[in-house]
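For the sequence shown, the UniProt record's numbering gives the first residue as 1, with consecutive numbering after it.
By construction, the Cβ of each residue, glycine as well, lies at the ideal position given by its N, Cα and C atoms.
Here is the structure we will look at.
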Amino acid sequence: MATHSLNNLISLQDVQKHSVHTLVFRSLKRTHDMFVSDHAKPIALDDGSHKVKMGVKLKTEYGAVLHMPVLKEGKDRVSQLPGTMEGHQSYTQNFIVILFYDPEYLITGTHAYPSGPGVTLTADTKVHRNPSEGGVHSMALALPPSQARLDASRTAASIGDIQRHAGAERSHPQSTAVSLMEGGSTRNSTLMRKAPTMPKPQWHPPWKLFRVISGHLGWVRSIAVEPGNQWFVTGSADRTIKIWDLASGKLKLSLTGHISTVRGVAVSSRSPYLFSCGEDKQVKCWDLEYNKVIRHYHGHLSAVYDLDLHPTIDVLVTCSRDATARVWDIRTKANVHTLTGHTNTVATVRCQAAEPQIITGSHDSTIRLWDLIAGKTRATLTNHKKSVRTLVMHPRQYTFASGSADNIKQWMFPDGSFIQNLSGHNAIINTLAVNSDGVLVSGADNGTIHMWDWRTGYNFQRIHAAVQPGSLDSESGIFACVFDHSESRLITAEADKTIKVYKEDDTAVSPTIKIHQKSFIVF
């Protein structure tokens with residue numbers, strides 16, 4: 001007896017050793033095992049509720065036509081229905097039979113309108129009568145020949161027909177259905193809809209390396225071209241900002257003041273100011289008449305990765321590793337808004353005059369469209385699966401593109417409607433640029449540049465330029481790229497400490513150009 005009690009005590013102690021968490025999950029598993037066999041079974045249909053449902057559905061969806069008349073031919077057809085129909089228990093069919101074949105709903109006329117002008121309304125003229133088959137046939141024979149019959153009998157096309165056919169093709173390129181009447185019988189001829197075809201990409205001349213500019217002592221991280229298209233500015237990991245002549249590629253000026261990598265530069269089109277930001281948390285405003293810093297914008301808690309200027313108002317927007325974007329008044333240095341919502345580094349920011357005026361991309365793999373006035377998010381785009389490092393807006397269309405390690409995506413403003421994916425650049429995409437001709441450029445951390453047709457997403461060229469002598473092959477990376485304002489030059493900032501300039505190949509000719517010959521018709 002003592003041994004039995006001891007065993008019970010041991011078993012109780014074993015049960016008590018398990019945590020509440022384990023016991024709850026064991027109970028859940030037992031419950032699941034008990035009801036798993038009934039999980040996929042449909043619920044039994046209740047006759048009363050089904051009748052009510054069908055009645056409500058008929059009243060709601062067909063209430064407007066319950067008063068419509070039924071022709072006597074329909075009543076005759078009811079009498080000819082097979083006997084199996086009477087015993088059918090489908091509530092839907094019973095309702096339809098009651099609705100359309102009940103004698104209470106049978107009306108001999110439709111609307112109390114006379115059959116012609118001057119005919120008085122009487123009990124006889126109110127009744128609507130369908131024409132007999134013989135009358136329809138005789139009327140069809142009396143009609144002029146149809147267009148299909150004329151086409152069948154025609155032997156040769158006239159000049160007028162050719163011109164008319166060409167005009168009809170231009171005005172109605174995708175006719176889908178034609179209704180023909182021949183010999184009193186109506187025949188619907190549905191033309192086959194054209195199968196969807198891939199849109200043909202526009203031909204763009206290939207780009208080739210034109211110039212390599214050396215001078216920085218560290219990675220070149222950012223580029224901006226001034227509005228007059230005379231010079232451009234670069235920011236580098238050597239903590240300097242350099243200004244270069246665009247035509248010759250010669251160094252014009254070096255600016256020092258940052259104490260860490262310069263990650264973003266922008267030149268104002270409204271004032272002689274240059275703005276820069278860096279990993280030292282600083283945002284600086286440079287007066288290019290004196291080549292000195294005249295303003296600092298303090299507020300970011302970590303490295304500032306990008307900046308952009310609003311095109312129509314004196315506002316500067318910066319984004320940072322502190323997961324915020326900040327809106328600054330350029331003149332007063334006031335922090336107008338702090339745009340919070342991202343959960344990781346905000347890597348890129350773009351501004352435009354139309355709504356939404358601010359777009360940000362983050363390492364949390366989302367894109368946010370912001371309401372500048374309220375300082376709040378308008379929309380959050382979550383399609384990307386990897387960090388969004390770059391954004392670019394089309395100069396003419398109301399669209400933009402985003403670059404990530406998974407692919408490039410195109411979007412439509414103002415709500416960020418998805419357009420298409422541009423897949424194939426299998427690398428971490430650091431930068432995007434697009435020109436008015438629809439050439440989209442993507443630059444990646446492995447040194448490759450891909451050229452895309454914006455409309456179709458066709459990748460028409462891939463470039464991998466060699467690193468400058470003395471650099472390692474692993475230092476092949478593109479950090480920034482931009483078109484100049486003439487859009488005839490592409491400038492890239494690279495990890496081999498150089499700036500490369502590309503231009504279109506003037507000798508290239510489209511392989512699809514056809515020589516059109518005029519054809520003359522002799523009368």
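TODO: Compare the beta carbon distance of phenylalanine 483 and histidine 204 with 8 Å and say whether it is the shorter of the two.
DONE: no
Open item on the list: Could you pull the DSSP bridge partners for tyrosine 502 from this structure?
Closed with: Leu209 and Leu490
TODO: Please go through the stretch 400-441 and give each complete beta strand (DSSP E) segment of 3 or more residues, from N-terminal end onward.
DONE: 408-412, 417-422 and 429-434
TODO: Would you check if there are 3 or more beta carbon pairs closer than 8 Å linking the stretch 275-295 to the stretch 249-263?
DONE: yes
- [ ] Take every Cβ of the stretch 475-493, pair it with every Cβ of the stretch 501-508, and state whether three or more of those distances are shorter than 8 Å.
- [x] yes
Open item on the list: Excluding the 5 residues flanking tryptophan 411 on each side, which residues of the same chain have their C-beta closer than 8 Å to its C-beta?
Closed with: Ile367, Leu381, Thr399, Phe400, Ala401, Ser402, Ser417, Phe418 and Ile419
Open item on the list: Taking DSSP's pairing of strands, which residues face phenylalanine 275 in a bridge?
Closed with: Ala266 and Cys285
- [ ] Spell out the partners DSSP gives lysine 292 in its beta bridges.
- [x] Asp287
Open item on the list: Tell me whether the stretch 343-355 and the stretch 306-313 touch, counting them as touching only if at least three CB pairs, one residue from each stretch, are closer than 8 Å.
Closed with: yes
- [ ] Look at the Cβ atom of phenylalanine 479, then the Cβ atom of tryptophan 207, and state whether they are nearer than 8 Å.
- [x] no
Open item on the list: Tell me the DSSP secondary structure of residue 566 in three-state form.
Closed with: For residue 566 there is no data in the structure shown, the boundaries of the chain being 1 and 523.
Task: First and last residue of the uninterrupted alpha helix (DSSP H) at aspartate 47 - done: 47-62
- [ ] Would you identify the three-state DSSP class for arginine 396, choosing helix, strand or coil?
- [x] coil
TODO: Using 10 angstroms around the beta-carbon of methionine 451, count the other beta-carbons present and answer buried if the total reaches 16, otherwise exposed.
DONE: buried
Task: Own chain partners of isoleucine 429 with C-beta closer than 6 Å, once the 5 adjacent residues on each side are dropped - done: Gly403, Ser442 and Ala444
Task: Those runs of the beta strand (DSSP E) which lie wholly inside the UniProt repeat "WD" (339-380) and span at least 3 residues - done: 346-351, 358-362 and 367-371
Open item on the list: Using a Cβ-Cβ cutoff of less than 7 Å, which residues in the same chain neighbour serine 222 once the five nearest sequence positions on both sides are dropped?
Closed with: Thr234, Gly235, Val262, Arg263, Gly264, Val265, Ala480 and Ala493
Task: Close-in-space but distant-in-sequence residues of the same chain around aspartate 505 (CB under 6 Å, 5 per side omitted) - done: Pro205, Pro206 and Lys208
Open item on the list: Taking the beta carbon of methionine 198 as the centre, do at least 16 other beta carbons fall within 10 Å, making it buried, or is it exposed?
Closed with: exposed
TODO: List the DSSP bridge partners of glycine 443.
DONE: Thr431 and Ile449
- [ ] Would you give the residue range spanned by the beta strand (DSSP E) that serine 236 belongs to?
- [x] 231-236
- [ ] Determine, using beta carbons only, whether histidine 342 and aspartate 364 come nearer to each other than 8 Å.
- [x] yes
Task: Under the three-state DSSP convention, the category histidine 337 falls into - done: strand
TODO: Assign aspartate 322 to buried or exposed, taking buried as 16 or more other Cβ atoms, counted over all protein chains shown, within 10 Å of its Cβ.
DONE: buried
- [ ] Tell me whether valine 20 is buried or exposed, calling it buried when 16 or more other Cβ atoms sit within 10 Å of its Cβ.
- [x] exposed
- [ ] Return the residue from the list Thr390, Ala427 and Pro227 that minimises the CA-CA distance to aspartate 406.
- [x] Ala427
Task: Backbone CA spacing between isoleucine 359 and valine 283 [nearest angstrom] - done: 19 Å
Open item on the list: Under DSSP, the beta strand (DSSP E) around asparagine 459 begins and ends at which residues?
Closed with: 459-464
TODO: Report the three-state DSSP secondary structure of lysine 514 (helix, strand or coil).
DONE: Note that lysine 514 has pLDDT 43, beneath the 50 cutoff, so the model's placement of it is unreliable and the number below is only indicative. Coil at lysine 514, not helix or strand.
Task: As assigned by DSSP and simplified to three states, the class of leucine 253 - done: strand
TODO: Per DSSP, which residues does lysine 242 bridge with? Please list them.
DONE: Thr234 and Ser254
Open item on the list: Which residue wins for smallest C-alpha separation from serine 248, given the options Glu279, Arg211 and Gly215?
Closed with: Arg211
Task: Nearest candidate by alpha-carbon position, reference glutamate 355, set Thr340, Lys376, Ser362 and Val336 - done: Lys376
Task: When Ile408, Met34, Ala379 and Leu217 are compared against leucine 391, the one with the closest alpha-carbon - done: Ile408
- [ ] Give the straight-line distance between the Cα atoms of leucine 246 and serine 214, rounded to the nearest whole angstrom.
- [x] 14 Å
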